[in-house]
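Taking the numbering used here, I'd label the letters of the sequence shown as residues 22 to 133. Ideal Cβ positions, reconstructed from N, Cα and C, are used throughout, including at glycine.
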Amino acid sequence: MTECIFCKIVAGELPADVIHQDEKTIVFKDIHPKAPVHLLVVPREHIPSLRELTPQHDDLIAHMMRLLPRLAEAQGLDDGFRTVINTGRGGGQEVFHLHIHLLGGSRLPGMA
Ligand code: DGP
Numbered sequence: 022m023t024e025c026i027f028c029k030i031v032a033g034e035l036p037a038d039v040i041h042q043d044e045k046t047i048v049f050k051d052i053h054p055k056a057p058v059h060l061l062v063v064p065r066e067h068i069p070s071l072r073e074l075t076p077q078h079d080d081l082i083a084h085m086m087r088l089l090p091r092l093a094e095a096q097g098l099d100d101g102f103r104t105v106i107n108t109g110r111g112g113g114q115e116v117f118h119l120h121i122h123l124l125g126g127s128r129l130p131g132m133a
């Protein structure tokens, strides 16, 4: 049995506020939002992080990238949005199932 929280959400074994699903991904609200809109774009396949991506994942990654602006538009983020991928403990990753944070809805601080 998997111990991965996001695999459990994908399998419907844990609840989540799901706002989009398709054959490759599931998108739900982050449980600890850092902005008025804070979604997690999660592949159904368990891939621990960016480090484990292979050429076999190219279609999936393209799909996730192209999904982001559609989600942002559906959320009314007309002024822009931020995407974040944390990788490894040093990069702040807490859940080791690849995911893209989509944040917006307020003026986000600059990265500098
Ligand atoms: P990261 O640090 O990049 O691994 O981000 C993990 C995010 O996942 C963090 O912002 C909180 C969120 N999260 C953790 N557990 C759950 C959960 O059970 N449900 C939801 N919806 N989000 C979760």
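Note to self: Give me the DSSP bridge partner(s) of Arg27.
What the structure shows: It should be pointed out that residue 27 corresponds to Phe in this sequence rather than to Arg. Answer by DSSP bridge pairing: none, since Phe27 is not bridged.
Next item on the list: Mind listing, in chain order, the continuous alpha helix (DSSP H) runs of no fewer than 4 residues lying wholly within the region 66-133?
Entry: Listed in chain order, the complete alpha helix (DSSP H) runs (minimum 4 residues) inside the region 66-133 are 79-95.
Item checked: Neighbourhood of Ile68 by C-beta distance below 6 Å, restricted to the same chain and skipping five residues each side -> Leu119, listed in sequence order.
Item checked: Selected residue, minimal CA-CA separation from Leu88, among Thr108, Leu60 and Glu24 -> Nearest C-alpha to Leu88: Leu60.
Item checked: Selection from Phe49, Ile121 and Gly111 that minimises the alpha carbon distance to Ala37 -> Of Phe49, Ile121 and Gly111, the residue nearest in Cα terms is Phe49.
Check: What do you reckon, are the CB atoms on Val62 and Leu129 nearer than 8 Å?
Finding: No, Cβ-Cβ distance for Val62 and Leu129 is not below 8 Å.
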